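Written below as C-alpha cells is the structure these notes are about.
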Amino acid sequence: MPGSNSCRKIAVVGRGTAGALAAASVSRLHPDKDHELHHIYDSRIPVIGVGEGSWPSLVQQLHRLSGLPHEKVQQRLNATRKYGVQFEGWGRRKSEFIHHFTPQAVSYAYHLSADVMGDLLSEGTRARHIDARVLDITRVDGGAQVEFEDLPPERYDLVFDARGFPRRLDPEEHIEISFIPTNTAVIRRCPSIIEEPPDGPVLKHTYTRAIARPHGWVFVIPLTAHTSYGYIFNRDVSSLEEVEKDFDELLAQDGVAEFEKRAVLRFPNFVHRRIYDGAVARIGNAGGFMEPLEATAIRLAEMQVGMILQMRFNRPAEYHENDVPVVNRFLINDTLTCGLFVGWHYSCGSRYDSPFWRHARDRAWPSYRSATDPAAVGCAALSKFDEMIGLINAPVIDQSDWDRRCGFPLTSFAQMSQGLGA
Ligand SMILES: Cc1cc2nc3c(=O)[nH]c(=O)nc-3n(C[C@H](O)[C@H](O)[C@H](O)COP(=O)(O)OP(=O)(O)OC[C@H]3O[C@@H](n4cnc5c(N)ncnc54)[C@H](O)[C@@H]3O)c2cc1C
0 MPGSNSCRKI AVVGRGTAGA LAAASVSRLH PDKDHELHHI YDSRIPVIGV GEGSWPSLVQ
60 QLHRLSGLPH EKVQQRLNAT RKYGVQFEGW GRRKSEFIHH FTPQAVSYAY HLSADVMGDL
120 LSEGTRARHI DARVLDITRV DGGAQVEFED LPPERYDLVF DARGFPRRLD PEEHIEISFI
180 PTNTAVIRRC PSIIEEPPDG PVLKHTYTRA IARPHGWVFV IPLTAHTSYG YIFNRDVSSL
240 EEVEKDFDEL LAQDGVAEFE KRAVLRFPNF VHRRIYDGAV ARIGNAGGFM EPLEATAIRL
300 AEMQVGMILQ MRFNRPAEYH ENDVPVVNRF LINDTLTCGL FVGWHYSCGS RYDSPFWRHA
360 RDRAWPSYRS ATDPAAVGCA ALSKFDEMIG LINAPVIDQS DWDRRCGFPL TSFAQMSQGL
420 GA
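FYI, in numbering that gives the first Met the number 0 the residues of the sequence shown are 0 to 421.
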C-alpha cells in the first residue's frame with residue numbers, strides 16, 4: 000500500500016470507546032502485518048462509560064472489527080436494535096414523532112452497553128499495552144513524541160490522542176458549539192424493560208426516547224441488561240436539585256420503582272481546530288463533542304479514525320502534506336454540520352415555557368450563524384446547513400437531491416422539520 004511505510008509505528012492513547020475503536024481499526028486495517036501498535040492508557044483515569052445510543056454504521060463496523068456474526072455482537076453488547084429516536088413534547092406541535100433511520104424499519108443501529116464495547120473491540124486488537132500516564136504529545140520531525148510520567152519518551156509515526164474531554168476550552172484551539180444549550184447530564188440506571196429470548200438476539204424494534212422536560216430533556220435507552228436514563232440540562236440555568244426532583248417525577252410517571260445513581264457529567268460542546276495535524280489525530284471526546292440528542296459521538300469517532308487511516312494507508316506519502324488541511328477541514332465541517340442539526344432541534348421550543356426552553360430557543364440557538372461564520376471556523380458548514388433547510392422548504396425536491404447530506408441525510412432533516420413544525 001502506498002502510504003503504509005510512513006506509518007509503521009502507531010500509538011493510541013486512551014481506551015474509552017474512541018481509543019478502543021482506533022486500536023481495533025489499526026490492527027485490522029493496517030496493510031503491513033509487521034506494524035507496531037502501542038495501546039497506552041492510564042488505568043487510574045476511568046473511561047466515561049456512557050454512550051449507549053449509536054448510528055447504523057456501527058453495526059457493520061463492529062461486525063468487521065470483531066470478526067463476529069451480527070447476532071453474537073448484539074448479544075455480547077447487551078444490545079437492542081435501535082430504529083430511530085422517539086421525540087416526546089418537542090417543537091411547536093408538542094406531540095410525539097419518530098426520527099427513523101432510513102430506509103425506515105430496515106436500517107437499525109444498536110442500543111449498547113458502553114462499558115463492554117471496549118472489551119469486545121480489544122479482543123481482536125494486536126497491540127502492546129502500556130499502562131502509564133501520558134504527560135504530553137508533541138509533533139517532532141515526521142511524527143509525534145509521547146512523554147510519559149515514569150517511562151522514557153517514545154516516538155511514533157502517528158498518534159491517536161483519545162484522552163477524552165479537554166480540561167477547558169481555549170478559543171485558540173477549540174471552536175465552541177455555543178448554540179447547543181446544554182452542558183450537564185445526570186445518569187441513572189433502571190431495570191431492563193426488554194425480555195431477551197433464551198437463544199438469540201432481541202429482534203423487537205426499539206427507539207431511544209427523547210422526552211422534553213422543564214429543565215431540558217431525558218433520554219431513555221432500553222438494553223437487555225438495564226434501561227439507561229439521562230437528564231440533559233444546563234447547570235447555568237437550572238440547579239441540580241431542581242433537575243433531580245423533576246427526574247424523580249418522570250421515573251414515577253414511567254412506573255420505575257428503583258434506580259441506581261450513576262454519574263453527574265459535565266460536557267463541553269466543541270470541535271478542535273486541529274483534529275488532525277499530520278502526526279497527531281485528536282479523536283472521540285478529545286476531538287469534538289456535542290450533547291447526546293442524536294447520539295453522534297461514536298459516529299464522529301468512526302469517521303475520524305476511518306478517514307485518517309484511509310488517507311495514511313492508501314495515499315502515497317508525498318501527498319501527505321497537502322492532504323492534512325483537507326482532512327482536518329472535512330472533519331471540522333462534519334462535526335459542525337452535526338452540531339447545527341442538533342442545535343436546530345431546539346429552535347421551535349417544546350411543550351414547556353420554562354427558563355431553560357426560553358434560553359434554548361431565544362438565546363442559544365439564534366447565535367448559530369455567528370458561531371459558524373466561515374471566517375471564524377474555516378469551513379462551509381453554515382452554507383451547507385442553509386442549503387438543506389432551503390431544500391426541505393422548497394415546493395419540489397428534485398430527485399437528484401434526495402441523497403444530499405449535511406452531517407445527516409436529507410430524510411432526517413425532513414422528518415425533524417415535520418415533527419418540530421420547523
Ligand atoms: C451524557 C453523555 C451521553 C452520551 N451518550 C452517547 C450516545 O448515546 N451515543 C454516543 O455515540 N456517544 C455518547 N456519548 C459520548 C460517549 O461517551 C463517547 O463517545 C465516549 O465516551 C468516547 O469517549 P472517549 O473514548 O473519547 O473518552 P473517555 O471515555 O473519557 O476515555 C478516555 C481514555 O483516556 C485515558 N486517559 C486520559 N488521560 C490520560 C493520560 N493523561 N494518560 C493516559 N491515558 C489517559 C483514560 O484512561 C481513558 O482510557 C455520551 C457522552 C455523554 C457525556
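Built from N, CA and C at the ideal position, the CB exists for glycine as well.
As the structure is a computational prediction, the values presented were derived from the model and not from experiment.
Contact holds between the stretch 38-55 and the stretch 289-304, because three or more Cβ pairs, one in each stretch, are under 8 Å apart. For I396, the shortest C-beta to heavy atom distance toward ligand 1 is 7 Å or greater.
Exposed is the label assigned to Q252, since fewer than 16 other Cβ atoms lie within 10 Å of its Cβ. Here S112 carries a coil assignment [DSSP, helix/strand/coil]. A distance criterion of 7 Å places the beta-carbon of D114 beyond contact range of ligand 1, judged by its closest non-hydrogen atom. The criterion of a C-beta distance shorter than 8 Å is satisfied by R125 and S26. Taking the CA atoms as reference points, S106 sits about 41 Å from V145. Inclusion of R132 in the 7 Å shell around ligand 1 follows from its C-beta lying nearer than that to a non-hydrogen atom of the ligand.
Secondary structure of S416 (DSSP, three-state): helix. Fewer than three Cβ pairs drawn from the stretch 138-156 and the stretch 227-244 lie within less than 8 Å of each other, which leaves the two stretches out of contact. Where P394 is concerned, there is no enclosing alpha helix (DSSP H), because DSSP gives it neither an H nor an E. For ligand 1, a non-hydrogen atom lies closer than 7 Å to the CB of A161.
Short of 8 Å from the beta carbon of D235, and not among the five residues preceding or following it, lie these beta carbons of its own chain, in chain order: N182. The DSSP-derived three-state label of Y82 is strand. When only Cα atoms are considered, E293 and H110 end up about 13 Å apart. Distances taken from the Cβ of G83 to the heavy atoms of ligand 1 include none shorter than 7 Å. By the CB criterion at 8 Å, G117 and V46 fall inside the cutoff. The DSSP-derived three-state label of W356 is helix. Taking 7 Å as the cut-off, one finds no heavy atom of ligand 1 near enough to the beta carbon of T334.
In this structure, ligand 1 has no non-hydrogen atom nearer than 7 Å to the beta-carbon of E248. When rounded, the separation of the alpha-carbon atoms in R208 and R187 is 15 Å. With a threshold of 7 Å, the Cβ atom of D245 does not count as near ligand 1, since no heavy atom of the ligand is closer than that. Annotated three-state conformation of V105 is coil, per DSSP.
Taking a 10 Å sphere around the C-beta of Q103, we find fewer than 16 other C-beta atoms and assign the residue as exposed. I44 has its CB nearer than 7 Å to a heavy atom of ligand 1. About 12 Å separates the beta carbons of S346 and R368, which is beyond the 8 Å limit, so they are not a contact pair. For Y40, the CB falls within less than 7 Å of some heavy atom of ligand 1. With respect to the C-alpha of V12, the residue from D33, K32, S42, H34 having the closest C-alpha is S42. Residue burial annotation: Q303 is buried, with at least 16 other C-beta atoms found within 10 angstroms of its C-beta. Under DSSP, the beta-bridge partners assigned to E146 are D135. Between F100 and A113, the C-beta spacing is not below 8 Å.
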